[in-house]
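Participant: Listed in order, the protein sequences are those of chains Y and E.
Residues -9 to 620 (the working numbering) make up the first sequence, in order.
Residues 58 to 640 (the working numbering) make up the second sequence, in order.
Even glycine gets a Cβ: it sits at the ideal position worked out from N, Cα and C.
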Amino acid sequence: MNKKKPSFDKTALKRLLAVMGQYKARMILVIICILLSAVATVASSLFIQTLIDDYIAPLLLDAVPDFGGLLKALSVMFGIYLVGMLCAFFYNWNMALIAQGTLKKIRDDMFAHMQKLPIPYFDQHSHGDIMSRYTNDTDTLRQMISQSLPQLLNSVISIVAVFMAMLSISVWLTGLVVICMFFILKTIGNIAGRSGKYFVEQQRALGDVNGYIEEMIHGQKVIKVFCHEDKSEEEFIKKNDHLKKIAATANGYANILMPAMNNLGYILYVVIAVVGGGLAIAGVTNLSLTGVAPLSLGMIAAFLQLSRSFIHPLGQVSQQLSSVIMALAGAGRIFELIDEEIEEDHGYVSLVDAKYKNGKLVEADEHTGIWAWKHPHKDGTLTYKEVNGEVRMFDVDFEYEEGKPVLHNITLYAKPGQKVAFVGATGAGKTTITNLINRFYDIADGKIRYDDININKIRKSDLRRSLGVVLQDVNLFTGTVMENIRYGKLDATDEECIAAAKLANADGFIRMLPKGYDTMIDGEGGGLSQGQRQLISIARAAVADPPVMILDEATSSIDTRTEAIVQRGMDALMQGRTVFVIAHRLSTVKNSDVIMVLDHGKIIERGSHEELIAKKGNYYQLYTGAFELQ
Amino acid sequence: MLKTLAGSIREYKKDSILTPILVSLEVIMEVIIPLLMARLIDYGIDCGDMAYILKIGFILLITAMMSLFFGVAAGKTAARASAGFAGNLREDMYRRVQQFSFSNIDRFSTASIVTRLTTDVTNIQNAYQMIIRMAFRSPAILIFALVCSIRIDAKLSLVFFLAIPILAVGLLIIMTSVHPIFERVFHTYDDLNAVVQENLYGIRVVKSYVREEHEIGKFAKISNKIYKDFTKAEQTLALNMPLMQFCVYGCMIFISWFGARAVVASGGNAAIGLSTGELMSLFTYTMQILMSLMMLSMVFVMITISRTSAERIAEILTEESSLKNGENPITEVKDGSISFENVSFSYSNKKEKECLKNINLKIESGETVGIIGGTGSAKSTLIQLIPRLYDVTEGRLLVGGVDVRKMDLKALREQVAVVLQKNTLFSGTIKENLRWGNEQASDEEMRYACQLAQADEFIQRFPDKYDTYIEQGGSNVSGGQKQRLCIARALLKKPKILILDDSTSAVDTKTDAKIRQGFKEFIPETTKLIIAQRVSSVQDADKIIVMDNGSISGWGSHEELLRSNPIYREVYESQMKGGEDDE
């Protein structure tokens, strides 16, 4: 929770208006309609005075009253009301469109921009924090655009119109109203300020209680095992009671705003009546916009009526203003995300389908199973190079934070078709190396070459398309099993997907699912075991058919018996590809061509399994279980 | 449902009843005020009678003050009642959840329990406050203002009996046509959030497969659906204001016309008929009556929205714990022997979904028993029956020779310590976490337990030692350290039966062996059950259970099983080939 008092965010408002700019014509119409509608409202309260002063009063004096004039006046009012109503409908109707259109644009922009943000952004921001911009912040913004803004505008116009009308009756009395209003607003502001302060405190207390609930409910099974129920209840009640008290105070202040505004308005009414009455009886000359004349009793009556119409929109402004400030704070957070710098990409080497024609590699229009790097040169020529999957690193250094190096001097070669394994404790830098190959992060020093091309020259999207990944935390997407496999290659046919599933050893269990390949799964993969989910993700990588694969702890959370099945799927996938493997269980990396043992960001040992065992060094110790792998 | 929820009002009943009373009093004042204002104009201003102005002005002032007082008081009691009610709801739900058995928790899922305790309660709090204030205020204004206007001029007031039904029916039509759209929108919202969430978790996959555009397209489709539905709903709602204005303006014109005639007819004398001041009051009442109707429609919307929340809360409050102490429970656990007699178990009480089938086992007090088997072989299910975290579906389970269902739950769990597979440390110091095992544990006892669990060494390396603060979920210690702390915490209970459910998977094999050695030497009388993935963790146990698909496939010592059990042999060989250790 933001501790400092929220203030009016002008930049956010400007940005917001810029987004709304796509509806410029509509907005102008809306403003005109609001204006007309407000005028109609003011006219309606002014009419009461006219009715009494201009029609009823003279008619009272007539012996034979003629209501023809009144009828005419009422017809005019009827016309004004009709216009007011139509305008009210028209602006509300359009405002709905503007508000929703603007929100859609903001949401879409935000999501599209989020997709382009670099991985470090996601490391540094909690998911909840990003999520709340799509939910809370957009929601308050919706209320502001479709309700608060038009109402605010409406109220301001009403206030101005009524104020003018008041001036046209009496400057003295208007002055009196202004003075009284000053005190009223001060009182209201005071209450609102206090309420705001307690609301911030309430938010903190609520966060505290919710956090406690979250932690305890997630550990509920442990609580049961330790019979700790009473203890956890005791602590909860303490926090909850505090929240109860704060919430009552905060809401109490908020609740008295309305009656305070209303009744102070009545008091103002009495003050005007007494002062006005006094002035009129004393025969003080009145000053008004229309000129100088004695203050009539009818004027006071009219003025009293106006003062009611004055206080009502004023109360609304004070209420809407706080919700506008809150919404703008949310808008500020949204724009902050949209302003984040996106992933930079200066690559110009691209990945294309290729074929051999007369022994020469040329670009192909269809899938050929052969990929080539299309390399434009400064002199305007183009060269093609077949994608082999050779990766070399030269003296690579890397740090996530300045001054905290994570990798030093990493030099390694992976020849096409080789299997390279990384082992080492958590934090040794295994995953970091693979994250550098697909450029989730950029290296600080050194060079990485892919098929002898500096990876900085390759377009990021093409670089990543050529690298398949299977991660420890399997992320599937809501959709059918088939759709999830097809994620690897969007234009893959059903047959290709099924073939990939067969390759990954996943076909068997998928066919056992209630609806086979059409079984729906959600993001959490509900109903599927960890191993099954991993098999689907392997099939997904298989259908993409990339020359290089990265397997990051792909089997860590699977028990040894299931692992055997998954391992078979992975072995099939690794055939003929360059593979980088990170594994917790050394049994899975034993058959690698090269094993790199990492410690604190350095490669401390390298070689085949047999060589390293013979060496009786760190790998040997790890292998015999003398080290803790976590 | 309402009765269940109302049970949580308790000490806030007074405030809850006081609020509508105070609101009604405030309303009476508010309705009297226009009457006074009419008099002020008619007899004071119009006649230029300063004394009368002062007199009525003074009364008006007093009335406004009283109205202010009632309004403020009602605001306070309403806030107290709703905040208190919400607090009580949270407390009652929390208490209820504490009594839940494992199967109750499974049924709801933790995420859903958390939402019910947080978001749903907030919804109810807002709705409750709205109800005790507005739901009384609006009808009260409606009635009082109507009565007053009838008193002023019954014939003119007839216009309200035309306007009110028009407004009411109009609002009803708008609300009923909008409500289903809003419900649909909220569902679409869930879909939208799901896409964002999936993308946040799977951003690496999205980027690896270069599927940014694909995801943007997916998002845009849902976003467009929200845009369309929401626009439609809000455009329908745009009819609200003109409808309201139609009624207000209609009444105004009607009253202006007939009112003017009435005033003229009566000569403006209130004693004979309608006066100018009274006419103005009628205008004020018009606003009050129609506005209150508008408010009432908002209250209805609020109630329908919060209904779902109320149902979800009531579900928790009425959920009966599936495990209860029997009558006259036995509070003593004789020894650490365990015996399963024809035990079958299923989570859903369905025969065909049985997880454990006809288990027969006898474990002597003080034995060390290893349990091994693949995922889904029901190892964890088996041991969770022992501290009666779940009840057997068929057969009997005896601990210390007594059926666990006849024992006092607390006493049983005091003696059976389980280190769960998905274990949790809580935010607090290491000491505070350890004290979960035994509240009165001395520093020496804690140290001893930690030494046994091989945790003392790394704790001593922390700068704050035993006072090191553990972050929520134990995120600032490594997996292996967390597991050892959890074991130490369980040891502090000094249980007769100790169960480790895959609790050393992240601990290296040497330390793992040391822990088991310590158990053998220092707590020989305790029955120890160890579930493990690694054969090396169980091979020196007195007996080993091999689980396969809910039944016992093998039962015996390491050597016996190697000879007789193919599954055990397969697991052993695959791990030895992987070269687990060279001990």
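1) For a test of the three-state rule: what should DSSP assign to residue 635 (chain E), helix, strand or coil?
2) Strictly below 7 Å CB to CB, what residues from chain Y border residue 642 (chain E)?
3) On the three-state DSSP scale, how would you describe residue 406 (chain Y)?
4) Check whether the Cβ atoms of residue 236 (chain Y) and residue 204 (chain Y) sit closer than 8 Å, and answer yes or no.
5) What residue range is occupied by the uninterrupted beta strand (DSSP E) comprising residue 252 (chain E)?
6) Which partner residues does residue 284 (chain Y) have in the DSSP bridge list?
7) So residue 83 (chain Y) contacts chain E; which residues on that side make the cut at Cβ distance below 7 Å?
8) Could you give the DSSP three-state label for residue 299 (chain E): helix, strand or coil?
9) Does the segment 388 to 408 of chain Y come close enough to the segment 418 to 429 of chain Y to have 3 or more Cβ pairs within less than 8 Å?
10) Would you check if the distance between the CB atom of residue 84 (chain Y) and the CB atom of residue 184 (chain Y) is smaller than 8 Å?
11) Throw me the rounded Cβ distance for the residue 100 (chain Y) and residue 327 (chain Y) pair, which I believe falls under 8 Å.
12) So is residue 208 (chain E) buried or exposed if we call it buried at 16+ other beta carbons inside 10 Å?
13) Using DSSP with H/G/I as helix, E/B as strand and the rest coil, what is residue 571 (chain Y)?
14) Determine, for residue 340 (chain E), whether the minimum Cβ-Cβ distance to residues of chain Y falls below 8 Å.
15) For the segment 219 to 237 of chain E, list every residue whose C-beta sits within 8 Å of some C-beta in chain Y, in sequence order.
16) Between the alpha carbons of residue 546 (chain E) and residue 600 (chain Y), how many angstroms are there, rounded?
17) If you measure from the beta carbon of residue 125 (chain Y) to each beta carbon in chain A, is any gap under 8 Å?
18) Is residue 437 (chain Y) helix, strand or coil when you go by DSSP?
19) Can you tell me whether residue 619 (chain Y) is buried or exposed, with buried defined as 16 or more other CB within 10 angstroms of its CB?
20) Per DSSP, residue 460 (chain E) forms a beta bridge with which residues?
21) Considering only residues of the segment 522 to 570 of chain E, which uninterrupted alpha helix (DSSP H) runs meet the minimum length of 4 residues and lie entirely inside it, listed in chain order?
22) Is residue 34 (chain Y) buried or exposed, if buried means 16 or more other CB atoms sit within 10 Å of its CB?
23) Shorter than 8 Å from the beta carbon of residue 246 (chain Y) to some beta carbon of chain E?
24) Applying the 10 Å Cβ sphere with the 16-neighbour rule, what's the burial state of residue 566 (chain E)?
25) Return the chain-ordered list of same chain residues with a C-beta closer than 6 Å to the C-beta of residue 635 (chain E), the five sequence neighbours on each side being excluded.
26) Any idea what DSSP makes of residue 609 (chain E), helix, strand or coil?
27) Please classify residue 60 (chain Y): does DSSP put it in a helix, a strand, or coil?
28) Closer than 8 Å is the cut-off here; do at least three beta carbon pairs connect the segment 603 to 613 of chain Y with the segment 91 to 101 of chain E?
29) Go ahead and label residue 377 (chain E) buried or exposed: buried means 16 or more other beta carbons lie within 10 angstroms of its beta carbon, across all protein chains shown.
30) Considering just the uninterrupted stretch of the beta strand (DSSP E) at residue 415 (chain E), what are its terminal residues?
31) Hey, quick one: how far does the alpha helix (DSSP H) through residue 77 (chain E) stretch, first residue to last?
32) Please indicate yes or no: does the CB of residue 182 (chain Y) lie closer than 7 Å to some heavy atom of the ligand NAD?
33) Residue 27 (chain Y) lies in the alpha helix (DSSP H); which residues open and close that run?
34) What number of angstroms, rounded off, separates the C-alpha of residue 593 (chain Y) from the C-alpha of residue 436 (chain Y)?
35) Would you kindly report the start and end of the unbroken alpha helix (DSSP H) that includes residue 4 (chain Y)?
36) Roughly how many angstroms separate the alpha carbons of residue 29 (chain Y) and residue 303 (chain E), rounded to a whole number?
Facilitator: Once the coordinates are examined:
1) Your numbering for residue 635 (chain E) matches position 578 in the second sequence. With a pLDDT of 48 at residue 635 (chain E), under the threshold of 50, the predicted position of this residue should be treated as unreliable, and no value is reported.
2) Any answer about residue 642 (chain E) is impossible in this case: the structure gives chain E only from 58 up to 640.
3) Counting from one through the first sequence, the residue named residue 406 (chain Y) turns up at place 416. The three-state reading of DSSP puts residue 406 (chain Y) in coil, since its state is none of H, G, I, E or B.
4) Numbered from its first residue, the first sequence carries residue 236 (chain Y) at position 246. Numbered from its first residue, the first sequence carries residue 204 (chain Y) at position 214. Their beta carbons are not under 8 Å apart, which means residue 236 (chain Y) does not touch residue 204 (chain Y) by this criterion.
5) As a position in the second sequence, residue 252 (chain E) is number 195, starting the count at 1. Counting along the chain, residue 252 (chain E) falls outside any beta strand (DSSP E), though it belongs to the alpha helix (DSSP H) covering 211 to 258.
6) Taking the first sequence and counting its residues from 1, one reaches residue 284 (chain Y) at position 294. Its beta-bridge partners are Y:275.
7) Position 93 of the first sequence, counted from the first residue, corresponds to residue 83 (chain Y). For residue 83 (chain Y), the C-beta contacts it makes with chain E under 7 Å involve 292, 295, in order along the chain.
8) One-based indexing of the second sequence puts residue 299 (chain E) at position 242. Three-state result, residue 299 (chain E): helix.
9) Touching, per the Cβ criterion.
10) What you label residue 84 (chain Y) is simply residue 94 of the first sequence in a count that begins at 1. What you label residue 184 (chain Y) is simply residue 194 of the first sequence in a count that begins at 1. When the beta-carbon positions are compared, residue 84 (chain Y) and residue 184 (chain Y) stay at least 8 Å from each other.
11) Walking along the first sequence from the start, residue 100 (chain Y) turns up at place 110. Walking along the first sequence from the start, residue 327 (chain Y) turns up at place 337. Right, the Cβ-Cβ distance comes to about 6 Å (below 8 Å), so this counts as a contact.
12) As a first step, residue 208 (chain E) must be located in the second sequence, where it is residue number 151. Label assigned to residue 208 (chain E): exposed.
13) Sequence index remark: in the first sequence, residue 571 (chain Y) carries index 581 (1-based). When DSSP states are grouped into helix, strand and coil, residue 571 (chain Y) belongs to the strand group.
14) Against the second sequence, residue 340 (chain E) aligns to sequence position 283. Interface residue, yes.
15) When C-beta distances to chain Y are compared with 8 Å, every residue of the segment 219 to 237 of chain E stays at or above that value.
16) Numbered from its first residue, the second sequence carries residue 546 (chain E) at position 489. Numbered from its first residue, the first sequence carries residue 600 (chain Y) at position 610. Between the C-alpha atoms of residue 546 (chain E) and residue 600 (chain Y) there is a straight-line separation of about 42 Å.
17) The displayed structure is made up of protein chains Y and E, and chain A is not among them.
18) Counting from 1 along the first sequence, the entry for residue 437 (chain Y) is found at position 447. DSSP places residue 437 (chain Y) within a strand segment (E or B) once states are collapsed to three.
19) In the first sequence, residue 619 (chain Y) corresponds to position 629, counting from 1. Only weak support exists for where residue 619 (chain Y) lies, its pLDDT of 44 falling under 50; the value from the coordinates is given anyway. Around the Cβ of residue 619 (chain Y), a 10 Å sphere holds 16 or more other Cβ atoms; the residue is buried.
20) By one-based count along the second sequence, residue 460 (chain E) stands at place 403. For residue 460 (chain E), which the question treats as bridged, DSSP gives the partners E:455.
21) DSSP runs (the alpha helix (DSSP H)) wholly in the segment 522 to 570 of chain E: 536 to 548.
22) As a working mapping, residue 34 (chain Y) is identified with position 44 in the first sequence. So residue 34 (chain Y) ends up on the buried side.
23) For the purposes of this step, residue 246 (chain Y) is identified with residue 256 of the first sequence, where counting begins at 1. At least one chain E Cβ lies under 8 Å of residue 246 (chain Y).
24) Numbered from 1 along the second sequence, position 509 holds the residue referred to as residue 566 (chain E). Note on residue 566 (chain E): 16 or more other CB atoms within 10 angstroms of its CB, so buried under the neighbour-count rule.
25) Mapped onto the second sequence, residue 635 (chain E) falls at position 578. Note that residue 635 (chain E) scores a pLDDT of 48, beneath 50, so its modelled location is shaky; the value from the coordinates is reported in the next line. Nothing listed; no residue qualifies.
26) Sequence index remark: in the second sequence, residue 609 (chain E) carries index 552 (1-based). It is a strand residue.
27) If you number the first sequence from 1, residue 60 (chain Y) lands on position 70. In the displayed model, residue 60 (chain Y) falls within a helix according to three-state DSSP.
28) With contact defined as three or more Cβ pairs closer than 8 Å, the segment 603 to 613 of chain Y and the segment 91 to 101 of chain E are not in contact.
29) Residue mapping note: residue 377 (chain E) aligns to position 320 of the second sequence, counting from 1. The C-beta of residue 377 (chain E) has fewer than 16 other C-beta atoms within 10 Å across all chains shown, which makes the residue exposed.
30) As a position in the second sequence, residue 415 (chain E) is number 358, starting the count at 1. Element bounds for residue 415 (chain E): 413 to 420.
31) For the purposes of this step, residue 77 (chain E) is identified with residue 20 of the second sequence, where counting begins at 1. Per DSSP, residue 77 (chain E) belongs to the alpha helix (DSSP H) from 70 to 96.
32) The ligand NAD is not among the ligands present in this structure, which contains no ligands whatsoever.
33) Counted from its first residue, the first sequence places residue 27 (chain Y) at position 37. Annotation for residue 27 (chain Y): the continuous alpha helix (DSSP H) segment containing it runs 14 to 40.
34) Here residue 593 (chain Y) refers to the residue found at position 603 when the first sequence is read from its first residue. Here residue 436 (chain Y) refers to the residue found at position 446 when the first sequence is read from its first residue. Rounded to the nearest whole angstrom, the C-alpha separation of residue 593 (chain Y) and residue 436 (chain Y) is 15 Å.
35) In the first sequence, residue 4 (chain Y) corresponds to position 14, counting from 1. Element bounds for residue 4 (chain Y): 0 to 10.
36) In the first sequence, the residue the question calls residue 29 (chain Y) occupies position 39. In the second sequence, the residue the question calls residue 303 (chain E) occupies position 246. Between residue 29 (chain Y) and residue 303 (chain E), the C-alpha separation is close to 16 Å.
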